[in-house]
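Asks: Numbering-wise (the working numbering), the sequence shown opens with residue 13 and increments by one. The following block contains the structure, expressed as structure tokens.
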Amino acid sequence: MASFVVHRNGRAATVGELASLAFAGYAHFTAMQVREGRVRGLDLHLERLRSASVELFGRALPDDRVRSYLRAALEAGPADLSLTATVYSPAGEYTVAGPDAEPEVLVRSGPPASGPEGPLALAAVEYERILPAVKHVGEVAKTYFLRRAAAQGLDDAAFVDRRGRLSEGTIWNLVFWDGAAVVWPAADALSGVTMGVVRRQLDRLGVLQRVREVTLADLPSLAGCAVMNSWTPGVAVHRIGSVSLPGAPLLMELLHRAYRAEAPTPL
Numbered sequence: 013m014a015s016f017v018v019h020r021n022g023r024a025a026t027v028g029e030l031a032s033l034a035f036a037g038y039a040h041f042t043a044m045q046v047r048e049g050r051v052r053g054l055d056l057h058l059e060r061l062r063s064a065s066v067e068l069f070g071r072a073l074p075d076d077r078v079r080s081y082l083r084a085a086l087e088a089g090p091a092d093l094s095l096t097a098t099v100y101s102p103a104g105e106y107t108v109a110g111p112d113a114e115p116e117v118l119v120r121s122g123p124p125a126s127g128p129e130g131p132l133a134l135a136a137v138e139y140e141r142i143l144p145a146v147k148h149v150g151e152v153a154k155t156y157f158l159r160r161a162a163a164q165g166l167d168d169a170a171f172v173d174r175r176g177r178l179s180e181g182t183i184w185n186l187v188f189w190d191g192a193a194v195v196w197p198a199a200d201a202l203s204g205v206t207m208g209v210v211r212r213q214l215d216r217l218g219v220l221q222r223v224r225e226v227t228l229a230d231l232p233s234l235a236g237c238a239v240m241n242s243w244t245p246g247v248a249v250h251r252i253g254s255v256s257l258p259g260a261p262l263l264m265e266l267l268h269r270a271y272r273a274e275a276p277t278p279l
């Protein structure tokens, strides 16, 4: 069977159906890793799609229907793969959608991924995403700043808002360690599904967590940093901007242990 498919509303998409979407940029998505037909944090993925659809389109598809579309793509490939579900409106963009324009779903599957090994060195760039709580498409800044960082010999970039607070990475959530607690940066950022999984499992494990503002000036007082996304619950970061950070093996162990504690859910 194919290891890569593109489905529209649960069926193989045609070239004609995709042609009108080739240059579209008003949509949102979620990305997940499927192992043995199961996904960690499936409830959080569905919640993300539902809330983002209401924000962008004023309405959302039922979770059961979205889940059936994901299942159809999984059934067309192997049990281990990457899945990306993108929700868009048939009304397109640069226009006002009518009340009957129901969202549609593209699901793309591909080979499974596990992320870089690390540790990573991140450039610090001043940038704030529009609608930061929505995982929307067409964000040129993510690739732009990644490539600028790579040109400087770094691995990726972390964003700093206008108040000087570290918020997130290009495609990552940031997490820190202060020697006693896991620290989540207080700033406008996308709440990642893996982040949500890790936070609730750290709670269940009794691990102390704090939410606080973190600036570049605060980094020397911290005991470690990592990034996470749908690929991995934690990749160590050894540098942000000009500031070096310690390895924090305990932080890495806690992040991965919390992620493994989440029971995967069948699609």
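Glycine included, each C-beta is placed from N, C-alpha and C at the ideal position.
I want to know whether the region 139-150 touches the region 252-265 - three or more CB-CB distances under 8 Å.
Replies: No contact exists between the region 139-150 and the region 252-265.
Asks: Quick one: measure Cβ to Cβ for V219 and V195, integer angstroms, because I've assumed they're closer than 8 Å.
Replies: In fact, because the Cβ distance is near 12 Å, the residues do not count as touching under 8 Å.
Asks: Less than 8 Å between the C-beta atoms of L202 and M240, yes or no?
Replies: Taking 8 Å as the Cβ cut-off, L202 and M240 do not qualify as a contacting pair.
Asks: Going by other Cβ atoms of all chains shown within 10 Å of its Cβ, with 16 needed for buried, is R216 buried or exposed?
Replies: Its Cβ having fewer than 16 others within 10 Å, R216 is exposed.
Asks: Could you say which of P276, M44 and A36 lies nearest to G122 if we only look at CA atoms?
Replies: Closest option to G122, Cα to Cα, is M44.
Asks: Helix, strand or coil: which one does DSSP assign to P232?
Replies: Note: P232 maps to helix in three-state DSSP.
Asks: If you draw a straight line from the alpha carbon of E87 to that of L118, how long is it in whole angstroms?
Replies: One C-alpha to the other measures close to 15 Å.
Asks: In the DSSP assignment, find the unbroken alpha helix (DSSP H) run with H57 in it and report its ends.
Replies: Per DSSP, H57 belongs to the alpha helix (DSSP H) from L54 to F69.
Asks: Using the beta-carbon count (16 or more within 10 Å), is M13 buried or exposed?
Replies: Residue confidence for M13 is low, a pLDDT of 44 falling below 50, so the modelled location carries little weight; the figure read from the coordinates is stated next. Per the 10 Å Cβ criterion, exposed.
Asks: Do V255 and L228 come within 8 Å of each other at the CB atom, strictly closer than that value?
Replies: Yes. Within cutoff.
Asks: Can you name, in chain order, every residue of its own chain whose Cβ lies under 6 Å from the Cβ of R272, other than the five neighbours on each side?
Replies: So the list is empty, once near-sequence residues are dropped.
Asks: Mark V108 as exposed unless 16 or more other C-beta atoms lie within 10 angstroms of its C-beta, in which case mark it buried.
Replies: It is exposed - the Cβ of V108 has fewer than 16 other Cβ atoms within 10 Å.
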